[in-house]
Amino acid sequence: MLETLRERLLSVQQDFTSGLKTLSDKSREAKVKSKPRYEDTWAALHRRAKECADAGELVDSEVVMLSAHWEKKRTSLSELQEQLQQLPALLQDVESLMASLGKRDVCVKAVSTDLLKSFLRIQPNS
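Here you go:
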């Protein structure tokens, strides 16, 4: 009985070893078969990553150019805002000048009239 048990254990051990060897061989075959598939997948992923990086660089350059453009626009707008803030003072200065010119006009007319009268008094009727 022990001899039979021993033979059976030996048989199970051999079957187990044979199964492991077969499993190992099949696993190795599967790796060999799937390796090109993984390499192809990796190559496709790498290619796609490069395309995405190139697209990202293009977008980045566009954003930089757009940012520079809008920075110029913002600067121009700030300058315009400063000039518009000075406009009320400018209008007040223009009104003041116009009033002063009006007074000068009245003075010039008065002086003109006085000079004409003086000239006519000096001149005999000819």
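Per my numbering, the very first residue in the sequence shown carries number 1; after that it's consecutive.
Just so you know, even glycine gets a beta-carbon here, dropped at the ideal spot from N, CA and C.
Keep in mind the model is a prediction, meaning the values are calculated, not measured.
- Between the C-alpha atoms of LEU10 and TYR38 there is a straight-line separation of about 40 Å.
- VAL108 and LEU97 have their alpha carbons spaced roughly 16 Å apart.
- A direct Cα-Cα distance of roughly 18 Å separates VAL111 from ALA99.
- The DSSP-derived three-state label of GLN123 is coil.
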